[in-house]
Amino acid sequence: MPTTPAIDLETELRYFNEHRSELLREASGRFALVKGDALIGIFSSETEAIRHGYQTLGNVPFLVKQVAEVDIPLSFTAFNLGV
Amino acid sequence: MPSFESSLPDLQTSGPILQVFIGPSRELIVAYGTEAVASPIPVSALVDTGAAATVITAETAALLGLRSVGAVSIHTPTTIDPVLCRQFHVNVHFSPVFAVENIVVIEAPLTGQFFQCLIGRDVLSRGVLTYDGARNRFSITF
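Dropping the structure here:
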């Protein structure tokens, strides 16, 4: 999948995708907080997961992602985005 | 209810553009305090009902010292395959006393545009957008 130039969460995304099946069994619909190749926690809301990330990891890149079977891309109908 | 109205000479040509301030999210401020995070910065923003989420540029994220909190794939009319974009957690300030807080926005280049932000349906889901083309004005009420 093409990416914008500076995606800095390759490790976290790889971990999430490699563990998606087991996450689905345990936490479908909830939000995973991943740093590096470690699952930090599972949370009921996106904001809760981000709050925990800031409090425990600091202002560093981390991945918060909803546990779902597939990722549905967001749509943008305008031509403004240079991607 | 806070309401933000803008009148433009030619709304059809310019589109619904207003100035907002993008700043670190409430959650980041609570975690580190206002002294430790960047102050909100002004950007020109286009209200875009075709945008599933709010968009900021990499330059805005860098100026604010933001770190990514996620990544999401997007489709645009010019993409064949989905494109993966970083996400950041921000507040969108419409005035000194009102902000839409804790929004997960997308980073994308707004190449060749005279605005640095798209206000998407994530923000609009919290209010009412009125577009009065005949009078060249629009408003957002929260």
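Chain order of the listed sequences is B and E. The first sequence maps to residues 1 to 83 in my numbering. The second sequence maps to residues 84 to 225 in my numbering. All residues carry an ideal CB built from backbone N, CA and C; glycine is no exception.
- [ ] Report the partner residues of PRO125/E according to the DSSP bridge assignment.
- [x] Paired residue(s): PHE104/E.
Open item on the list: By the DSSP assignment, the alpha helix (DSSP H) with ASP93/E in it spans what residues?
Closed with: Note, ASP93/E: premise wrong, no alpha helix (DSSP H); not H, not E.
Task: Buried versus exposed call for PRO92/E [16 or more other C-beta atoms within 10 Å across all chains shown] - done: exposed
Task: Residue span of the beta strand (DSSP E) that contains ALA182/E, given as start and end - done: 181 to 190
TODO: Closer than 7 Å by beta-carbon distance: list the chain E residues that pair up with VAL60/B, in chain order.
DONE: Near VAL60/B (Cβ distances below 7 Å), the residues of chain E are ARG150.
Task: Closer than 7 Å at the beta carbon, the chain E residues around VAL70/B - done: Simply none; closest approach about 11 Å.
TODO: Report the three-state DSSP secondary structure of GLN196/E (helix, strand or coil).
DONE: coil
Task: DSSP state of SER75/B mapped onto helix, strand, coil - done: strand
Task: Residues bridged to HIS32/E [DSSP beta-bridge criterion] - done: In the structure as shown, chain E starts at 84 and stops at 225, and residue 32/E therefore has no counterpart that could be examined.
Task: Terminal residues of the alpha helix (DSSP H) in which PHE16/B lies - done: 10 to 18
Open item on the list: Given this structure, state the Cα-to-Cα distance separating GLU12/B from VAL211/E, to the nearest angstrom.
Closed with: Linking GLU12/B to VAL211/E through their CA atoms gives a straight-line distance of about 37 Å.
Task: For ILE72/B and GLY29/B, the rounded distance between their alpha carbons - done: Rounded to whole angstroms, GLY29/B to ILE72/B spans 14 Å at the Cα level.
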